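> Its first residue numbered 1, the sequence shown is counted upward by one per residue in UniProt numbering. Cβ atoms here follow ideal geometry from the backbone N, Cα and C, with glycine treated the same way. Given the structure is predicted, the values throughout are model-derived calculations rather than measurements. Sharing a structure, written as structure tokens. Questions coming.
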Amino acid sequence: MADVDESRFDELAGQLIEAGRFFFSRGWVPATSGNFSARLDDGRIVLTVSGRHKGRLERDDLMLADLDGRSLSPGRRPSAETGLHTLLYRRNPQLGAVLHTHSARATVLSMRRPQGVWLRDYEVLKAFPGIETHTSQVHLPVFANDQDIGRLAAEVERHLDREPASPGYLIAGHGLYTWGETVSDALRHVEALEFLFECELLQTRFDSHE
Ligand SMILES: CSCCC(=O)C(=O)COP(=O)(O)O
Ligand SMILES: [Zn+2]
């Protein structure tokens with residue numbers, strides 16, 4: 001990899017490897033699912049190679065890509081969903097990391113709520129930037145799954161034009177995308193959303209028994 005700050009690459013790669021181990025321990029990235037990225041100071045991104053097991057990532061499973069999604073690591077194929085990462089970096093210069101997971105809860109909730117998920121009255125909403133009270137509301141849109149990542153990316157763009165402060169979104173029957181200024185911020189968002197998905201599904205279960 002020409003002209004890259006190797007020590008920063010290694011630092012971010014290490015953070016993404018650790019995130020993958022944590023997600024796998026929680027069952028959130030089964031069977032090679034999920035993909036992760038983080039932005040280097042030069043604007044390019046460290047990204048997971050397509051098809052690798054995200055719970056068992058090694059340094060060679062991370063690669064360099066530009067914001068047009070082109071591989072800058074010869075012989076390594078970027079994530080099939082790279083376009084869903086790069087659109088976010090291009091829109092928001094503050095953004096430092098994007099994490100995509102495939103938990104059972106995110107998958108089921110996305111199929112039960114095709115019109116979108118509204119999270120209200122939860123104290124843990126304060127895990128998201130700009131939210132200081134449980135009385136706030138977070139909206140996660142649910143997009144239909146699409147093997148055409150360019151078309152899906154265009155739909156996400158239209159949503160973010162309307163709701164630029166959105167902390168993430170779901171893809172129906174597929175999983176969660178969320179992001180943050182750092183890997184640690186994005187990881188906190190995954191954890192908070194997973195907790196909230198569990199709460200929402202528990203409430204649905206109680207509702208059906210009342
Ligand atoms: C077996 S998961 C199917 C592809 C997917 O949704 C995913 O998140 C992983 O794709 P990648 O190319 O990033 O490995
Ligand atoms: Zn996926």
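With which residues is PHE36 paired in a DSSP beta bridge?
LEU99
> If you follow the beta strand (DSSP E) that GLY175 is part of, which residue opens it and which one closes it?
175-180
> Should PHE206 go down as buried or exposed, given a rule of 16 or more other Cβ atoms within 10 Å for buried?
exposed
> Nearest to ARG52 by alpha carbon, out of GLY43, PHE36, ALA65 and LEU67?
PHE36
> Check whether the Cβ atoms of VAL4 and LEU87 sit closer than 7 Å, and answer yes or no.
7 Å or more divides the Cβ of VAL4 from the Cβ of LEU87.
> For PRO114, does the count of other Cβ atoms within 10 angstroms reach 16, so buried, or fall short, so exposed?
exposed
> Take the Cβ of ASP41 as the centre, count every other Cβ of all protein chains shown within 10 Å, and call the residue buried at 16 or more, exposed below.
exposed
> Please state whether DSSP places VAL71 in a helix, a strand or coil.
The sequence shown places Ser at residue 71, not Val. Looking at SER71 - three-state DSSP - the assignment turns out to be strand.
> Three or more C-beta pairs closer than 8 Å, one from the stretch 21-32 and one from the stretch 44-59: is that the case here?
yes
> Within the stretch 148-209, note down every full alpha helix (DSSP H) run reaching 4 residues or more, in order along the chain.
Counting only runs of 4 or more residues that sit fully inside the stretch 148-209, the alpha helix (DSSP H) segments are 149-162 and 183-209, in chain order.
> Would you tell me roughly how many angstroms separate the C-alpha atoms of PRO74 and HIS189, rounded to the nearest one?
32 Å
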